[in-house]
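Number 123 in my numbering belongs to position 101 of the sequence shown; there are no gaps in the numbering. To start, the structure under review is shown below, and the notes come after it.
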Amino acid sequence: MSAKIIDGKEVARSIHEEVRKEAEKLRSRGIIPGLATVLVGDDPASRSYVKAKRKACEEDGIQSFHHPLPAETSQKELLTLITQLGEDPKVHGILVQLPLPAHIEENAVIRAIPPHKDVDGFHPENLGRLGLKGEEALFAPCTPAGVLELLMRAEVPVSGARAVVLGRSKIVGLPAALLLLRNDATVTICHSRTKDLPAVTKEADILIAAIGRANFVTAEMVKPGAAVIDVGVNRVEDSRKKRGYRLVGDCDFEAVAEVAGCLTPVPGGVGPMTIAMLMKNTLRAAERASPQSFDPRNHL
Ligand code: GUN
23 MSAKIIDGKE
33 VARSIHEEVR
43 KEAEKLRSRG
53 IIPGLATVLV
63 GDDPASRSYV
73 KAKRKACEED
83 GIQSFHHPLP
93 AETSQKELLT
103 LITQLGEDPK
113 VHGILVQLPL
123 PAHIEENAVI
133 RAIPPHKDVD
143 GFHPENLGRL
153 GLKGEEALFA
163 PCTPAGVLEL
173 LMRAEVPVSG
183 ARAVVLGRSK
193 IVGLPAALLL
203 LRNDATVTIC
213 HSRTKDLPAV
223 TKEADILIAA
233 IGRANFVTAE
243 MVKPGAAVID
253 VGVNRVEDSR
263 KKRGYRLVGD
273 CDFEAVAEVA
283 GCLTPVPGGV
293 GPMTIAMLMK
303 NTLRAAERAS
313 PQSFDPRNHL
């Protein structure tokens, strides 16, 4: 193996530590940072993600307000809850776990979250600003923000680099591309209709894999020395494991590690960063709500 393995757990740990300290300072000024989590239905993966987010809140000194709702919840009921949370001064951030059941229009729900509480950064106001020169988003989506943080801390040059993003979802691919562009990379977004994908990925100094297919990225698709960030979390059957499966990323890890300059593992790469950045966004939202820390750059 020649690639340097980027330890996301370690980077996330230091971010949680910073958040804890800042949350304590806010508490001493009478502000308790608060995050509302909304989970509709009982998808096991979503349930475990939300559980991990609430545990991080507890560890970092952030109050968590959890709203588990049945899968049959109507869009109207969900929108009513979001309006209430938007008006609640104890709630600084609102996170609606995605995906939502098919009968609920995801975009309508995201639009109902006030942009200053949109700690996921998915509101069109925040996502739009992320792509606009001269504008500041109030929040950048957590997973792509974590990807950029890992690249920075691994001292991967971004400005002028050729970056290829596999996937165009609003959770990862699109905002990751916008963040890379903001940092002056030359960015290509690939998706299911992209022709001759290996020829495109092979050009990448930075390759972000976010398609959700196990072992999709092979060594032949990677430029020697490239920085490869694997955002995929895929379950593959494994009878040796008690739970019957193990988690793997979008990259054929062993083979890609022979070619890449640096690479994130799954688990232990981007995953822990998503939650760390969510805590950071929530803290920022609480700081902005504090009159003592008024900074016009932080407000619309
Ligand atoms: N589902 C998968 N990733 C995410 C995320 O970052 N935020 C929300 N709200 N839902 C998700």
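Backbone N, C-alpha and C define an ideal beta-carbon position, used for all residues, glycine too.
Burial is judged here by how many other beta carbons sit within 10 angstroms of a residue's own beta carbon; Pro294 has at least 16 and is buried. Here the alpha carbon of Ala25 sits roughly 36 Å from the alpha carbon of Ile84. Per DSSP, Thr105 is one residue of the alpha helix (DSSP H) stretching across Gln97 to Glu109.
Ranked by Cα distance from Thr216, the first of Arg35, His138, Thr208 and Leu188 is Leu188. Three or more pairs of CB atoms, one per stretch, sit closer than 8 Å, so the region 51-64 contacts the region 90-108. One residue list follows from the rule of a beta carbon closer than 6 Å to any heavy atom of the ligand GUN, given in chain order as Leu117, Val118, Gln119, Leu120, Asp142, Cys164, Thr165, Ile193 and Thr296. By the CB criterion at 9 Å, Ala236 and Gly271 fall inside the cutoff. A direct Cα-to-Cα measurement between Val186 and Gly153 gives close to 17 Å. Here the alpha carbons of Asn303 and Phe161 stand approximately 6 Å from one another. Your pair Ala78 and Met301 checks out as a contact, with CB atoms roughly 6 Å apart and the cut at 8 Å. Rounded to whole angstroms, the Cβ separation of Cys212 and Leu219 is 6 Å, and the two are in contact under 8 Å.
A residue is called buried when at least 16 other Cβ atoms come within 10 angstroms of its Cβ; Asn148 meets this threshold and is buried. Closest in alpha carbon position to Ala45, among Asp82, Val178, Ala58 and Ser36, is Asp82. Nearest to Pro123 by C-alpha distance, out of Asp142, Asp206, Pro163 and Ser68, is Ser68.
Straight-line spacing of the CA atoms in Asp260 and Tyr267 works out to 4 Å. For Asp82, the enclosing alpha helix (DSSP H) covers residues Pro66 to Asp82. Selection Arg310, Leu305, Lys192 and Gln106 evaluated against Lys43 yields Leu305 as nearest (Cα-Cα). Per DSSP, Val131 is one residue of the alpha helix (DSSP H) stretching across Glu128 to Ala134. Per DSSP, the unbroken alpha helix (DSSP H) holding Asn303 starts and ends at Val292 to Ala311. The beta carbons of Thr296 and Thr165 sit about 5 Å from each other, so the pair counts as a contact at 8 Å. Under the DSSP assignment, Cys212 falls in the beta strand (DSSP E) whose first and last residues are Thr208 to Cys212. Here Met23 is exposed, its C-beta having fewer than 16 other C-beta atoms within 10 Å.
Bridge partners of Arg184 according to DSSP: Thr208. A straight-line Cα-Cα distance of about 14 Å links Leu107 and Ala307.
In this chain, Asn237 is not harboured by any beta strand (DSSP E), its DSSP state being neither H nor E. Cβ contact annotation for Leu91 (same chain, cutoff 8 Å, sequence separation greater than five): Val60, Leu61, Val62, Gly63, Glu99, Leu100 and Leu103, in chain order. For Leu154, there is no enclosing alpha helix (DSSP H), as DSSP marks it with neither H nor E. At a Cβ-Cβ threshold of 9 Å, Val288 and Val244 do not count as neighbours.
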